[in-house]
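Undergrad: Numbering (the working numbering), first residue to last: 1005 to 1179.
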Amino acid sequence: MTKSTKIMIILTITILAVILGARYVHIMKKTVLTNQEALDIGKTKYQQAISCYWENLEYSTELIENIGEADTAYYEVTNINEIKQIFTTNTFADFCDEYGLKEKNGVYYKVAADRGSDITHVGNELKVDSISENKIVYTSIETYNDNEEITTKEYQFILIKENGNWKVDEFTLPN
């Protein structure tokens, strides 16, 4: 092999390595969401989370006793698997505590009383704080109107990617 042939082979390999490396970097960069994509996902997941507390918990109409405390009646929750898809394990446990859900033999029950919503809460705005491949951190700015006095509170709202799905990992119910 001549010296010029060797140089051409080395040059060709170098060019291919640069091209393939650039494509790899482009592919890797695409796994991180844009700010708008993260905001769209956050808005959807925030609404799903808040709906679980305020309107989306489905349960049977048959009262069941002997689940928890004496003299307390419960309903069987019928959409618990859908709710588990929204929250990470820790946040699901927080949801169960907040809502007073009881688990017995893999079945979840709610106390026979509804949880109300905060009538002074008028909405929220999400601000993206950071984005990585498997985690998005937001500030949720909650707005309240209490007797014509407008106030805001800020809470952290975090999504974690588990098995290819975004789930709520930190959420504070506005109240």
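A virtual CB, placed ideally from N, CA and C, is assigned to each residue, including glycine.
1. Please state whether DSSP places residue 1175 in a helix, a strand or coil.
2. Whose C-alpha, out of 1050, 1022, 1019, is nearest the C-alpha of residue 1141?
3. Can you say whether residue 1168 is buried or exposed, counting buried as having 16 or more other CB atoms within 10 angstroms of its CB?
4. Once DSSP output is grouped into helix, strand and coil, what is the label at residue 1018?
5. Thinking just about the alpha-carbon of each residue, which of 1055, 1083, 1053, 1071 is nearest to the one in residue 1064?
6. Out of 1178, 1173, 1177, point me to the one whose CA is closest to residue 1181's CA.
7. Under 8 Å, do residue 1126 and residue 1112 count as touching if we go by C-beta distance?
8. Does residue 1069 come out as helix, strand or coil in the three-state DSSP assignment?
9. Select from 1005, 1177, 1006, 1043 the residue whose C-alpha is nearest the C-alpha of residue 1101.
10. What residue range is occupied by the uninterrupted alpha helix (DSSP H) comprising residue 1085?
TA: In terms of the structure at hand:
1. coil
2. 1050
3. exposed
4. helix
5. 1083
6. Beyond the ends of the chain as shown, which are 1005 and 1179, falls residue 1181; an answer cannot be given.
7. no
8. coil
9. When each option's Cα is compared against that of residue 1101, the closest is 1177.
10. Boundaries of the alpha helix (DSSP H) harbouring residue 1085: 1084–1088, taken from the DSSP string.
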